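Report on the following structure.
There are 2 protein chains.
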Amino acid sequence: MTPLQRTPGTAEIISIGDELLIGQVVNTNASWMGEQLFANGIVLSRVTTIGDSEAELHQALDNALQRVQFIFLTGGLGPTSDDITKPALCRYFDTSLVFNEEAYSFVEALFARRGLAVTPRNREQAMLPANARVIRNNYGTASGMWFEKDGAVIVSMPGVPFEMKPMFSELILPEVKALSQSDFFLFKTVMTTGAGESMIADRIQAWESALPPHFRLAYLPQPGIVRLRLGAHHPDKAVLEKELADQVEALCRLIPEYVYGFDEAMPEEVVGQMLAENGLTVATAESCTGGYLAHLFTSVAGSSRYFRGSVVAYDNLVKTTLLNVDANILRQHGAVSEAVAIEMALGIKRMMNVDYALSTTGIAGPDGGTAEKPVGTVWVGIAGPNGSKAIRFQLGDQRDRNIRRAAIAALNVLRLWLIEK
Amino acid sequence: MTPLQRTPGTAEIISIGDELLIGQVVNTNASWMGEQLFANGIVLSRVTTIGDSEAELHQALDNALQRVQFIFLTGGLGPTSDDITKPALCRYFDTSLVFNEEAYSFVEALFARRGLAVTPRNREQAMLPANARVIRNNYGTASGMWFEKDGAVIVSMPGVPFEMKPMFSELILPEVKALSQSDFFLFKTVMTTGAGESMIADRIQAWESALPPHFRLAYLPQPGIVRLRLGAHHPDKAVLEKELADQVEALCRLIPEYVYGFDEAMPEEVVGQMLAENGLTVATAESCTGGYLAHLFTSVAGSSRYFRGSVVAYDNLVKTTLLNVDANILRQHGAVSEAVAIEMALGIKRMMNVDYALSTTGIAGPDGGTAEKPVGTVWVGIAGPNGSKAIRFQLGDQRDRNIRRAAIAALNVLRLWLIEK
């Protein structure tokens, strides 16, 4: 056995839950936290996934305490009997559950916002190990808990991603960063759409190989989007900031047509902001995206300032009767065609009386493809104050990915038109 | 530290690769293998994810060898310098790399199939630790390796999923099954909607506490849905099947109004199947769900058989002009009201000429709430052959969750109406 010393600025994750071991849930929490830690200069050296077992948890904690400064636990904090984390931590720290006023006030506040009374079972969630410092959970009843032992920090969080993520990034990570002693670490994420990972890699190859050794570039693809995360560390913060800004600028100069934003901005946010700032309105007519494009627009808070509405014309009859697509054009060119995409965009633009209109028509799959129009064929139509056009995209063969990619492609068509203007 | 004994029929996974720790790649290999092992009665007790570090690998192996019969390694077998598994295993077993004729013949065969000659870098991939039994890789150049130590089995596989998966399921799992002596294991997942985790827990408390000790229940919540996974093990498969079926039936009897399906079926699939089987059609009129309800319907392949389309009426003007919502009703009751939800459902039903229509109107947040109609207030309207109605839901305070939960609530309103019929 190779002995390892506990190193400042290092971390381990212990993910708890039977569902993670039997393949029912993929451990995306761990990869998300890994990304956050990496972006903040904390070295994640291990992820241990265990079932709902006290003995396993104790052993994993023993091992982790020998090695790292920070231990992050997720899962097992719910109100049901398979949630073992709190009693197991009590026995690990040789303490007991006590009623925590602060935790209870958070639960009360949460229920009050929902207009509900606290149930006895939820009141139990304010019972925390006596040595725990409570961490507020704004989106659920299970508080986070902060423990310290022999100079190491152990943080327990709920396993539900939408409760864990804001707790981790807003309340835990800043403290962890302050406690760890490392170089300054900065990163910037360049958001791109319209090109695949390898196409971008080919374009930026020379620049990437010439990056100084304290820089690191990660390609983070998701349907329709490739995030390029450039990180670097340096003892001098001002030097680091200048270096990073210069390299990001150099990167953007190499792929200007693909870069649509920075730092996790989604296309619907970038496009929404452009519309809102210019007092413009938009509507969509959707066939293959089936409402997903409207969903992206309306997922942004405040989108009612610029988004008027959508017609999902899944049936061809809806295309002709509601969107006024000419039945002859539909017959002659087929629903998945340049002409129909343009007609749909013009139809919804008139109907919703908006400045810009987007349309989608395509074959999402798995069925419906032909030799001429295989699965993944998508036309995006756009109509605006100065005319209309449609652009063809050839996407892949997975239905859900095609829907997402088509919607993002449509947003990008509008973005590029707004810039051209 | 709680000592654990090595148990026959138990396994651990050690996933190797820096990319897994910085969040660049999600560890789907581990969850896939977990599912395979679980389905074959092997108990996966832990997944350890480490970086490309020999010391970490040695330590993880030491720990795993104390506990389990089978240790599965993935990753670090590629031809580049950051692939540390083979040299690290050599030092761990105190042996050295030797040229393996059998491994080389597999590489040769692979290249021959592709019409290529073997390169020196690929020839190196036939250098294996002297104590390894080679496992054929039909889809890549890195052979798998089988080691035995003190009665335990250590298997090393490539990390690339499409190479690892067939190797694991076709060549490794059958041997592992034969070597392990364990009970049969079965599980069934009951899908529920309409109640939170703690509400269900309260309802099934007596039944849950009376479960035999070889049964295990897990609550797996996600927005709008709680999955109840009931698993059990037993040496006699027929007894186990009967016991599990009986307990699932007992569980369903306790919460019939919440159970909508089994085994990962999503509400849009269950509802879609009911519509398709009865030759019925549906359309939606959406305000607060902003197209997400249509997206759920159309995310199911073949949904064009029953889903006609949707109008996303984000703007009130769209509600009156397109959906024919009475402007007086809108003014008098407000957009978020029972009356408007019903008008919207009736409007889209007429317009799309469908059997059933769903509508949503509510306050998704974060802004727009009032004392009377706080954020999270949602009305779901439904219209069908026998009339119309609307139901009020009080959801939470997170925009994205409210959108999802409202869409799932709407699907459930339709499901319950179709059952009543």
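Here the protein sequences line up with chains A and B, keeping their order. When you line the first sequence up against our numbering, it's residues 122 to 542, in that order. When you line the second sequence up against our numbering, it's residues 122 to 542, in that order. Each residue gets a CB set at the ideal place from its N, CA and C atoms; glycine is no exception. For clarity, every value in this text was computed on a predicted model and none was experimentally measured.
- The segment 259 to 273 of chain A makes contact with the segment 206 to 218 of chain A; the number of CB pairs closer than 8 Å reaches 3 or more.
- In terms of CA proximity to A530 of chain A, A:T313 leads the group A:T313, A:M154, A:T240.
- For Y213 of chain B, there is no enclosing beta strand (DSSP E); the residue is found in the alpha helix (DSSP H) stretching over 206 to 214.
- By a beta-carbon distance limit of 8 Å, N523 of chain B contacts G497 of chain B. Their separation comes to about 6 Å.
- Under the three-state reduction of DSSP, H354 of chain B is assigned to strand.
- Under a 10 Å Cβ-count criterion, H335 of chain A is classified as exposed, with fewer than 16 other Cβ atoms of the shown protein chains found around its own Cβ.
- Between the segment 154 to 172 of chain B and the segment 157 to 174 of chain A there are three or more C-beta pairs closer than 8 Å, enough to call the two in contact.
- The segment 366 to 382 of chain B makes no contact with the segment 397 to 404 of chain B; the number of CB pairs closer than 8 Å stays below 3.
- Of all residues in the segment 243 to 266 of chain A, only N243, Y260 place a beta-carbon less than 7 Å from a beta-carbon of chain B.
- Under a criterion of Cβ atoms nearer than 9 Å, the residues of chain A adjacent to L341 of chain B are, in order, G138, E140, Q145, V146.
- Within the same chain, no residue comes within 8 Å of L438 of chain A by CB-CB distance, once the 5 residues on both sides are set aside.
- Every unbroken stretch of the alpha helix (DSSP H) spanning 4 or more residues and falling wholly within the segment 221 to 307 of chain A is given here in chain order: 222 to 234, 241 to 244, 282 to 287, 294 to 300.
- Neighbours of Q515 of chain B in chain A, taken as residues at a C-beta separation under 7 Å, are given in chain order as R235, G236.
- Around L516 of chain B, the same chain offers G497, V499, N523, R526, A527 as residues with beta carbons nearer than 7 Å, after the five sequence neighbours per side are excluded.
- Contacts with chain A at 8 Å (Cβ-Cβ) do not include D215 of chain B.
- If you check the CB distance, H179 of chain B and Y413 of chain A do not come in under 8 Å.
- G382 of chain B sits buried, since 16 or more C-beta atoms from the chains shown fall within 10 Å of its C-beta.
- Here DSSP, grouped into helix, strand and coil, assigns V433 of chain A to strand.
- In chain order, T169, T170, I171, E177 make up the part of chain B whose C-beta sits under 7 Å from the C-beta of R167 of chain A.
- Here G155 of chain A is near L142 of chain B, since their CB atoms are less than 8 Å apart.
- Contact between the segment 312 to 329 of chain B and the segment 502 to 518 of chain B is not established, with fewer than three Cβ pairs separated by less than 8 Å.
- Among the residues of chain B, none has a CB under 8 Å from the CB of W500 of chain A; the nearest is roughly 17 Å distant.
- In the three-state reduction of the DSSP assignment, R452 of chain B falls in the helix class.
- Annotated three-state conformation of E362 of chain A is helix, per DSSP.
- With a beta-carbon spacing of about 7 Å, L249 of chain A and V219 of chain A fall inside the 8 Å limit used to define contacts.
- Taking the CA atoms as reference points, L365 of chain B sits about 8 Å from K309 of chain B.
- A buried status is given to F306 of chain A, since no fewer than 16 other beta-carbon atoms sit within 10 Å of its beta-carbon.
- At a cut-off of 8 Å between C-beta atoms, M473 of chain A counts as an interface residue with respect to chain B.
- Contact between V274 of chain B and E223 of chain B is absent: CB atoms are separated by about 19 Å, not below the 8 Å threshold.
- Within chain B, the residues L141, L142, I143, G144 have their CB atoms less than 8 Å from the CB of G155 of chain A, given in chain order.
- Rounded to the nearest whole angstrom, the C-alpha separation of I346 of chain B and R513 of chain A is 38 Å.
- Leaving aside the five residues that flank S290 of chain A on each side, the residues in its chain whose CB is nearer than 7 Å to its CB run, in chain order, Q157.
- The Cβ atoms of K440 of chain A and V433 of chain A do not sit closer than 8 Å to each other.
- Across the segment 519 to 536 of chain A, CB contacts with chain B closer than 8 Å involve R520, D521, I524, in sequence order along the chain.
- Annotation: the continuous alpha helix (DSSP H) that includes E398 of chain A extends over 388 to 398.
- Residue-level contact by beta carbon fails for S330 of chain A and chain B, as no gap is shorter than 8 Å.
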